[in-house]
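2 protein chains.
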Amino acid sequence: MSKPFVVVGGDAAGLSAASKCKREEPDREVIVYEKSQWISFAHCGMPYYVKGEIDRLEEMLSLSPEEVAERGITLERHHEVVDVDPNEQVVTVRSDGETFEQPYGDLLIATGARARTAPVGGAEYESVYTMHSMDTAAEVRARVMSPDATTVEDNAFDGGYASVDVGDALAREPPKTVAIVGGGYVGIEMAEAFRAHDFETHLYQRSDTLVPPFGAAVSEQVKETLEANGVTVHLNTTVESLEGESDVEAVVTADGRQSVDLVLLGIGIEPNTELVAETAIEYGESGAIAIDEYGRSSLPKVYAAGDCAEKHHTVTGEPEWVPLGLTANRAGRAIGQTVAGEPEKVGKIAGTAVLKAFELECGRTGIVDHEKAIAAGFDPVSETITAGSRSGYYPGAAETTVTLVADRQSGRLLGGTIVGEDRAAVRINQVATALEAGLTVSEFEQLDLGYAPPFSPVWDPTLVAAKVLRGQLATDE
Amino acid sequence: MSKPFVVVGGDAAGLSAASKCKREEPDREVIVYEKSQWISFAHCGMPYYVKGEIDRLEEMLSLSPEEVAERGITLERHHEVVDVDPNEQVVTVRSDGETFEQPYGDLLIATGARARTAPVGGAEYESVYTMHSMDTAAEVRARVMSPDATTVEDNAFDGGYASVDVGDALAREPPKTVAIVGGGYVGIEMAEAFRAHDFETHLYQRSDTLVPPFGAAVSEQVKETLEANGVTVHLNTTVESLEGESDVEAVVTADGRQSVDLVLLGIGIEPNTELVAETAIEYGESGAIAIDEYGRSSLPKVYAAGDCAEKHHTVTGEPEWVPLGLTANRAGRAIGQTVAGEPEKVGKIAGTAVLKAFELECGRTGIVDHEKAIAAGFDPVSETITAGSRSGYYPGAAETTVTLVADRQSGRLLGGTIVGEDRAAVRINQVATALEAGLTVSEFEQLDLGYAPPFSPVWDPTLVAAKVLRGQLATDE
């Protein structure tokens, strides 16, 4: 009998791996250690919970501890793995002030990532939040509700969770003015959430671009949409510090001091790799754990998956750190199958992402940034077009802006972005599919895509972009 | 100087070809003959015009005669080409009772298709319509409006068109009961149009499947949706004849006689190939004109494109007749470039199509029918799954049903369908892209597609289908 498959971290990657391994090899002991009480929760749902679009915290849990137990997995919550000894194949686990050793046959590091707070000074004040745990989501939700609201009191759970006490947060008056530091995914989504509660909302972004991975064309429209929805957007504005007594009271920038009652930091996340810091494990340039195509780290029998690990990029083949949900789930599942004896590759990442910014739908995939393309050895050329989302005569058509990036020499498609209000986001999937297949711009232009007036013009906006980009490539010949 | 490029037919394929040729070779004489007054109109918009979602007939014209003239194209409307002499490279043109001969250097047959009326007996009665011309669309729109409606009086046009007189049709009381014969695209779309006017609507379909190219899973949901919207659907019911005096009065089936005031025939279209019937031109098995990859017919210097011609299928490589808008436009454009001296392939067809059935969005691509797959030399296997369109906790998620078909031996994806109420239709494009690239089910399953709660669950429904289908393929190994 093999020694147990031990998983550190009970979220997407960890539980996907545990579940798959147990299904494929039912006699194998599978143990999951999770340091908090929460498992398998939807990070991506939190802004919508704060917004009020999702009623109960519990809805964001996709798997309960009891369901995990029913799968035959040993799930130990409030158990923190504090040391890995790859020579002895043993982890040290701490719980309730005690520690013990647990041998493993295979080990998966799925410790995820955490929200950054540095380098913003004053992040330790009260009423300064990051959006990266269930407890914080519950607290922020309570803070944004009026003290007489009843919905957030309902934080008791079925399935083995302790209820979350948000009484203190709920008792406070909601903020009048809030600041969001950072214009990435979380910042944009939280702006929508705060405006739904009618707070005066300031969003600060250090650079001149919102959601930088989506490029300039999307940034521009996201900015317009935020402003149209009452968000004050401060581009090129570094938050120098937060000020206050015990509670935060102001945001300080080169432009001056803005009084605020609550601050949301959305300045990025970083991989949780402390656990293996003392080992000889190899990291990638990103600082996340380096893995091979099966998710194996440089240590024998030690795998890594999810937001703490790198993955290989669809277009460049090079390792990259792109912490997103689908690839975490997929990698976990593949590793579960591999440790059960049937090796399965963890798959690549194209960095495909979609984002809702109020009514705007945004998508991106592959390599969008020219500098990144050059660094990867390509000679990038791109075109941005705007076309209707439906036949012009059909009501509801919305302008849809598409950017496609290709390599000038080979004509190969490298990446793309899309933005618009009518079914724009899911259209990025056809570009992502083309990247996986290595299609050239000419091949993409020849795609037979669906056309009907309610859904698309004769030439889908992505085909229009391909046509214009191919013209550009042909001119260069 | 080359002899003129002559185009027969002033719709999508014809005008795309003429425009492209003129742009690439401005000195070349380009002549387009169109037998009606209408050019470049949106067939696909007609049901929505009858429904009332589009206000004016004119909105469905994408290019006016004056705009065509501005491009330097000689456009002759009310000119019917009645003969082709491929040896002399001359066409015979009839206009206003006179005929004349026009020599050509290159000739494009873009005569389109026409709505079938046979084998339904009684199709010659009044108030029996097919939906395949601007004049009929105008008349049916007038018929469905109350006599005191004013919107349809507005059928005068800018850009060189004679107005359409629908006074007689408008003067009549709208029908109370209508019958649609045929449950294909037009039948489904017209059912939505008629129900918008609150008519009692009967839809007759000979087989047990609605929109057969979309397969059984889509048919089932379309039927439910039609019925939920008040359409009486008669499957497995052949309309034996129509009865009446001068006006149609009843539909006769094996089940009996249904009184009706108006009948819409949507029993398919057939290619207009009479013009070349006397020549040695080759036809495909479909009865449409056979072409090579550049759109060349078997006659020298004679091209064919659009609904009168076949095209090669993306998956099988075999010629097929799939009359749809995008491929007609694309083929015309390619032929225009080819005759201008820079050969361009017309592209393939995957038969990708999207359809709105009330609030239901349907899509299909590639080979869905197992018999067709077997005939093409494949060993088909398919799976149908239903999954949410968004994260379960996010409001607005709709059940989305996906069918994927693959070849058992190679694992290659052959086709797919999708149906659901939330952004389902455009998702067929990611499957169509995979077909063009020849991806296997395993490769498709590895796609990095976009995930965010408002737009998609972690696993896009098409990925769920791929996962299940791959499981099926693996079991067979």
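Chains as they are written, first to last, in this note's numbering: chain A, 14 to 490; chain B, 14 to 490.
Beta carbons are placed, not taken as given, at the ideal position from N, Cα and C, and that holds for glycine.
Asked: Status (buried if at least 16 other CB within 10 Å, exposed otherwise) for B:Ala293; Found: exposed
Asked: Cβ of A:Tyr61 within 8 Å of any chain B Cβ; Found: yes
Asked: Proximity test, Cβ basis, 8 Å: A:Asp320 and chain B; Found: no
Asked: CB of B:Gly23 within 8 Å of CB of B:Leu88, strictly; Found: yes
Asked: Integer-rounded CB distance, given that B:Ala341 should sit under 8 Å from A:Leu368; Found: Between B:Ala341 and A:Leu368 the Cβ distance is about 35 Å, and since that is not below 8 Å, they are no contact.
Asked: As assigned by DSSP and simplified to three states, the class of A:Gln459; Found: coil
Asked: Coil, strand or helix - A:Tyr198 by DSSP; Found: helix
Asked: Helix, strand or coil at A:Tyr464 according to DSSP, with G and I counted as helix; Found: coil
Asked: C-beta contact flag for A:Ala344 and A:Ala26 at 8 Å; Found: yes
Asked: Pairwise C-alpha distance: B:Glu71 and B:Glu47; Found: 18 Å
Asked: Rounded separation between B:Val244 and A:Ser402 - CA only; Found: 29 Å
Asked: Contacts that B:Cys57 makes with chain A (C-beta to C-beta distance below 8 Å); Found: Ser404, Tyr464, Ala465 and Pro466
Asked: Buried versus exposed call for B:His326 [16 or more other C-beta atoms within 10 Å across all chains shown]; Found: buried
Asked: Residues that A:Thr272 bridges to, as DSSP identifies them; Found: For clarity, residue 272 of chain A is Ser in the given sequence; the question names Thr instead. A:Ser272 is bridged to A:Ala263.
Asked: At least 3 beta-carbon pairs within less than 8 Å: the region 317-331 of chain A vs the region 281-291 of chain A; Found: yes
Asked: Chain-ordered chain A contacts of B:Met147 [CB-CB under 7 Å]; Found: Simply none; closest approach about 13 Å.
Asked: Within chain A, partners of B:Tyr407 - CB distance below 8 Å; Found: Gly58, Tyr61, Glu66 and Ile67
Asked: Under the three-state DSSP convention, the category B:Val81 falls into; Found: helix
Asked: Any chain A beta carbon closer than 8 Å to B:Lys361; Found: yes
Asked: Rounded Cβ spacing between B:Ala363 and B:Glu240 (contact assumed at less than 8 Å); Found: The Cβ separation is near 31 Å, so there is no contact.
Asked: Chain-order list of residues whose beta-carbon lies under 8 Å from that of B:Val273 (same chain, five-residue window excluded); Found: Pro188, Thr190, Val191, Ala192, His215, Val261, Glu262, Ala263 and Val264
Asked: Neighbouring residues, chain A, relative to B:Ala410 (Cβ below 7 Å); Found: What B:Ala410 touches in chain A: nothing, since even the nearest Cβ is about 12 Å away.
Asked: Cβ separation of B:Val21 and B:Ala123, assumed to be a contact under 8 Å, to the nearest whole Å; Found: 6 Å
Asked: Under the three-state DSSP convention, the category B:Pro188 falls into; Found: coil
Asked: Where B:Ile387 falls, given that 16 or more other Cβ within 10 Å makes a residue buried; Found: exposed
Asked: Complete runs of the beta strand (DSSP E) confined to the region 398-464 of chain A [at least 3 residues]; Found: 412-420 and 426-433
Asked: Bridge-paired residues (DSSP) for B:Ile282; Found: B:Ala128
Asked: Neighbour list for A:Arg436 in chain B, Cβ cutoff strictly below 7 Å; Found: Arg436 and Val439
Asked: Contact the region 42-58 of chain A vs the region 144-158 of chain A: 3+ CB pairs below 8 Å; Found: yes
Asked: Contact under 8 Å by Cβ, A:Glu308 with A:Tyr296; Found: It is Gly, not Glu, that sits at residue 308 of chain A in the sequence shown. No, Cβ-Cβ distance for A:Gly308 and A:Tyr296 is not below 8 Å.
Asked: Beta-carbon spacing of A:Gly195, A:Leu278 below 8 Å; Found: yes
Asked: Inter-residue spacing [alpha-carbon to alpha-carbon] between B:Glu152 and B:Val179; Found: 6 Å
Asked: Amino acids of chain E, ordered along the chain, whose beta-carbon sits closer than 8 Å to that of B:Trp472; Found: Protein chains in the displayed structure are A and B, and chain E is not among them.
Asked: Whole-angstrom distance between B:Thr397 and B:Val97, CA atom to CA atom; Found: 49 Å
Asked: Residue(s) in a DSSP beta bridge with A:Cys34; Found: BP columns for A:Cys34 are empty, so no partner.
Asked: 6 Å CB neighbourhood of B:Leu275 in its chain, flanking five on each side removed; Found: Ser140, Pro188 and Val191
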